[in-house]
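Report on the following structure.
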Amino acid sequence: MRTRTRLLASALIATLGVTGLASPAIAGPSGQAPETSLASFQGRTIDLSKSWEGARACAVLSRTEVRCYASRDEEKADLASLATSTSASKGSDGSIGIQDWHGCDEEWLCIWEHADFGGRKLSFNDEYWHDLDNWGFVDMTSSYTNYQGGYEIVWGCSGTDSGTLGDGAGNNYNMSDCTASANLGSYNDRAEDIFG
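Numbering-wise (the numbering used here), the sequence shown opens with residue 110 and increments by one.
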């Protein structure tokens, strides 16, 4: 019996070793570390690729830092505080993050799970391609707001910070800055990745 147990244990270890060697982490553009699917939420770490565990909004701050929130108010307060501290270190007035449009903070590109800016929300502000599978959001985008260039009626629009949704088959949906769509029409629930 012990021999059988040792053989099973050896086979399991060998299998795990081969599996570990066969699936190395894929580096991002320019050899950067891959994006994480892990996020901080209510004092713990959750894996968004598996479950949002009650989170309603998540902000991708960098390849290695994602923060999630139970409510829009909680998200807004945290992002405004981050923006103010970042802007203060740059000598700015700290106004980034104070304004929002359709619930999307200034300087962010936001996508929603449902039409009319409803359901879970995922926010980005980095200029590279993001795999929506990392956050359990593949084929779930139904509306967006690109507030990266400033609100066009009040402050003007830079016209230089567009975003793109990709469906993995070469079809893209452009999201010019200072634009929003409450319904993506034929592109509804097709996005697999996002740039912006």
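By construction, the Cβ of each residue, glycine as well, lies at the ideal position given by its N, Cα and C atoms.
Residue j beta carbon less than 8 Å from that of residue i
i	j	result
ARG299	ARG229	no
THR288	ASN281	no
LEU241	CYS167	no
GLY258	THR250	no
ALA189	ASN292	no
GLY305	GLU236	yes
Nearest-angstrom Cα separation, counted from residue j out to residue i
i	j	result
GLY227	SER160	18 Å
CYS219	TYR256	8 Å
SER271	SER252	15 Å
GLY212	PHE150	19 Å
VAL175	SER146	8 Å
GLU301	THR193	32 Å
PRO143	GLY245	16 Å
SER102	ARG153	The structure shown does not extend to residue 102, since the chain spans only 110 to 305, so no value can be given for it.
GLU183	ASP214	13 Å
LYS185	THR173	20 Å
GLY163	TYR178	9 Å
Identity of the residues DSSP links to residue i by a beta bridge
i	result
THR273	ASN283, PHE304
ASN255	LEU218, THR288
GLY228	Note: GLY228 sits in no beta bridge, so no partner.
ARG176	SER149, ALA168
Presumed contact (8 Å Cβ cut-off) between residue i and residue j, rounded CB distance
i	j	result
ASN243	LEU157	7 Å
PHE233	ILE303	6 Å
Distance cut-off 7 Å: residue i Cβ against heavy atoms of the ligand PLP
i	result
ILE220	The ligand PLP is not part of this structure, which contains no ligands at all.
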